[in-house]
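Read top to bottom, the protein sequences are chains S and E.
Quick note on numbering: the first sequence equals residues 3 to 247 in my numbering.
Quick note on numbering: the second sequence equals residues 34 to 199 in my numbering.
Read through the structure below, which is laid out as structure tokens, and then see the notes.
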Amino acid sequence: MDKKRPLRHATIPHEGKKPKPAETFASWLQPVVDCSPIPQFVIGRDHCIRFWNKALERYSGLSAAEMVGTSRQWQAFYQQERPTLADVLLEGKTEEIAQLYDGRYNRSALIEDAWEATDFFPQVGKKGTWLHFTAALIRDATGEVLGAVETLEDITDLMKAEELIAYMTEMAMRITQPVGIIRENLQDIARLTRDGKLVPEEIAMLLDTQVRNAAQIQANVEEFQKSAVEKHQEIPEAYRKFLSG
Amino acid sequence: MLATPGSIRQCNIDLIREIAENGFHTIVITTNFPYSILTKLYQEQGIDPGKVSFIDAVTKNSVGSARNIPGVVRFVNHPSDLTEMGIAVTEVLKELSGKKVCILYDSISTMLIYLSSSNISRFIHFVTNKLRLTDVTGIFLAVEKGLDPMLMTQLTTFVDSVIDTG
Numbered sequence: 003m004d005k006k007r008p009l010r011h012a013t014i015p016h017e018g019k020k021p022k023p024a025e026t027f028a029s030w031l032q033p034v035v036d037c038s039p040i041p042q043f044v045i046g047r048d049h050c051i052r053f054w055n056k057a058l059e060r061y062s063g064l065s066a067a068e069m070v071g072t073s074r075q076w077q078a079f080y081q082q083e084r085p086t087l088a089d090v091l092l093e094g095k096t097e098e099i100a101q102l103y104d105g106r107y108n109r110s111a112l113i114e115d116a117w118e119a120t121d122f123f124p125q126v127g128k129k130g131t132w133l134h135f136t137a138a139l140i141r142d143a144t145g146e147v148l149g150a151v152e153t154l155e156d157i158t159d160l161m162k163a164e165e166l167i168a169y170m171t172e173m174a175m176r177i178t179q180p181v182g183i184i185r186e187n188l189q190d191i192a193r194l195t196r197d198g199k200l201v202p203e204e205i206a207m208l209l210d211t212q213v214r215n216a217a218q219i220q221a222n223v224e225e226f227q228k229s230a231v232e233k234h235q236e237i238p239e240a241y242r243k244f245l246s247g
Numbered sequence: 034m035l036a037t038p039g040s041i042r043q044c045n046i047d048l049i050r051e052i053a054e055n056g057f058h059t060i061v062i063t064t065n066f067p068y069s070i071l072t073k074l075y076q077e078q079g080i081d082p083g084k085v086s087f088i089d090a091v092t093k094n095s096v097g098s099a100r101n102i103p104g105v106v107r108f109v110n111h112p113s114d115l116t117e118m119g120i121a122v123t124e125v126l127k128e129l130s131g132k133k134v135c136i137l138y139d140s141i142s143t144m145l146i147y148l149s150s151s152n153i154s155r156f157i158h159f160v161t162n163k164l165r166l167t168d169v170t171g172i173f174l175a176v177e178k179g180l181d182p183m184l185m186t187q188l189t190t191f192v193d194s195v196i197d198t199g
């Protein structure tokens, strides 16, 4: 124990009972990390794992017993060894963050020396997982770096919702609106025909153009449906056949 | 320029009339109606056909082949052929260099039948850059409420202003 940095004593009320005197900040640390429902790990300056909480054990399938003391934190996310965000921060190589996370990162607005990033991990989960993760340097009272902590959040559902919005928006623009355009064009063609302003060849050309537009819209719908079916393996076979044409 | 579906055609005609009255020659990029019918409609509305030339992405797609008429119309194979369309814009601007020219693109909404919003965004960016370099005015027609917020935001950054006629 470092005598220069005395441990802080925490008092914990227990339903009116007197606080336990032996409880210290250090004795709180493991339970706080372990009981957090957010997967997280802590590494020291040597990049070795100090804490690997229960949530991360369950998430990664890698136990604390096999991970603590090693520098294999990458194994929870990647098939090959590469630095995690916490590793990058420890090295002070924040310029690498842009290369590693391709635009999906930013500095934390709340904590200095903390960064956030989002990435897709194809080998996590059955079909891959979107994770939003934050990493921050841990400093002592003098400002000396002790290590880094990284937390993770599974945002796959959120990303799926955003994908769905993007998909439905594209459908609206490439199907609903174009159908409206065809309707207006046909109305114009009908009006011009009634007014005697078009010769038969011109009527045929205009109608032919609308037929081609309709055919393209149909092809767009089929393409969207096919793409959705390929992406969502959970769609029952009978529906897959129907939607794939 | 945003217009209702029912008024976009008249919007096209009104714009060309105003552009011609201001002494400009209009290049109409049409993805909706063939140039021959647009010419007829313009004439009926008192617009001098000599003040308008076309890049027509409709006729060739419909009849199979069509020969360019210098100074009048340049045909593009298909509305989705952005490469050919880009070349046509470049060459027509070259032909008309020295003249007061305005490009009218009719319409972004029709292009969405054939192209994704990301491809359209890239093409509009290319065209607007070209227009700025050659100091040429350009007007892009679209159906109001027909562009998703992201595409609208992107296009807004490429142009100087957005006019909603609705």
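All residues carry an ideal CB built from backbone N, CA and C; glycine is no exception.
Report, in whole angstroms, the separation of the C-beta atoms of T158(S) and Q42(S), which I expect to be a contact under 8 Å. About 18 Å; that fails the 8 Å criterion.
For a contact defined as C-beta to C-beta under 8 Å, what are the partners of D181(E) on chain S? Listed along chain S are T171, E172, A174 and M175, each with a C-beta nearer than 8 Å to that of D181(E).
The region 109-122 of chain S in contact with the region 45-57 of chain S per 3-pair CB rule at 8 Å: No: fewer than three Cβ pairs fall under 8 Å.
For S194(E) versus Y147(E), is the C-beta distance shorter than 8 Å? Judged by their CB atoms, S194(E) and Y147(E) are not nearer to each other than the 8 Å cut-off.
Secondary structure at T136(S), three-state DSSP: helix, strand or coil? Here T136(S) sits in strand by DSSP.
May I have the straight-line CA-CA distance separating V109(E) from L164(E), to the nearest angstrom? Rounded to the nearest whole angstrom, the C-alpha separation of V109(E) and L164(E) is 19 Å.
Residue span of the beta strand (DSSP E) that contains N108(S), given as start and end: Here the beta strand (DSSP E) through N108(S) covers Y107 to R109.
Determine the direct distance from the alpha carbon of N162(E) to that of P86(E), and round the result to whole angstroms. Note that residue 86(E) corresponds to Ser in the displayed sequence, not to Pro. Using only the alpha carbons, I get a separation of about 21 Å.
Are at least three pairs of beta-carbons, each pair with one atom in the region 168-179 of chain S and one in the region 192-201 of chain S, less than 8 Å apart? These segments do not touch.
In three-state terms, what does DSSP make of D193(E)? It is coil, neither helix nor strand.
Considering only the alpha carbon of each residue, which of V44(S), S29(S), A240(S) and T120(S) lies closest to T72(S)? Checked all of V44(S), S29(S), A240(S) and T120(S); the closest Cα to T72(S) is V44(S).
Between the beta-carbon of V122(E) and the beta-carbon of V61(E), is there less than 8 Å? No.
Status (buried if at least 16 other CB within 10 Å, exposed otherwise) for I136(E): Burial call: buried.
Report the residue ranges of all beta strand (DSSP E) runs contained in full by the region 123-202 of chain S; include only those spanning at least 3 residues, in chain order. Listed in chain order, the complete beta strand (DSSP E) runs (minimum 3 residues) inside the region 123-202 of chain S are 131-141 and 147-156.
Close-in-space but distant-in-sequence residues of the same chain around P180(S) (CB under 6 Å, 5 per side omitted): If we look at P180(S) and ignore the five residues flanking it on each side, its Cβ neighbours are I219.
To the nearest angstrom, how far is the alpha carbon of V231(S) from that of A217(S)? Distance between the alpha carbons of V231(S) and A217(S): 21 Å.
Per-residue DSSP class, three states only, for I45(S): Strand, per DSSP.
What is the DSSP secondary structure of A119(S), counted as helix, strand or coil? Three-state result, A119(S): strand.
For K228(S), decide whether its Cβ has a neighbour in chain E, counting only Cβ atoms nearer than 8 Å. At a cut-off of 8 Å between beta carbons, K228(S) makes no contact with chain E.
Please return the same chain residues whose Cβ sits closer than 7 Å to the Cβ of D4(S), not counting the five positions on each side in sequence. A caution first: D4(S) carries a pLDDT of 42, below 50, which makes its placement in the model unreliable, though a value can still be read off. The beta carbon of D4(S) sits closer than 7 Å to no other beta carbon from its chain once the five residues preceding and following it are set aside.
So for C44(E), helix, strand or coil by DSSP? In the three-state DSSP reduction, C44(E) falls in the helix class (H, G or I).
Unbroken alpha helix (DSSP H) run spanning I157(E), endpoints: Segment S150 to T167, the alpha helix (DSSP H) holding I157(E).
So who's on the other strand from S86(E), going by DSSP bridges? According to DSSP, S86(E) bridges with I60(E).
Are the Cβ atoms of T186(E) and I183(S) separated by less than 8 Å? For the 8 Å CB-CB criterion, T186(E) and I183(S) do not form a contact.
How about S140(E) and M207(S): are their beta carbons less than 8 Å apart? No, Cβ-Cβ distance for S140(E) and M207(S) is not below 8 Å.
Taking DSSP as the reference, what is the three-state secondary structure of I205(S)? In the structure shown, I205(S) sits in a helix (DSSP, three-state: H, G or I).
State the start and end residues of the unbroken alpha helix (DSSP H) segment that holds D89(S). Unbroken alpha helix (DSSP H) run through D89(S): L87 to E93.
Take T211(S) as the anchor and find which of Q43(E), N65(E), E177(E) and A36(E) has the nearest alpha-carbon. Distances from the CA of T211(S) to each of Q43(E), N65(E), E177(E) and A36(E) were compared; the closest alpha carbon is that of N65(E).
Answer with yes or no whether the minimum CB distance from L137(E) to chain S is below 8 Å. Proximity of L137(E) to chain S, defined by a Cβ-Cβ separation below 8 Å, is not satisfied.
Which residue's Cα is closest to the Cα of G119(E): F156(E), S69(E) and S98(E)? Per the Cα distances, F156(E).
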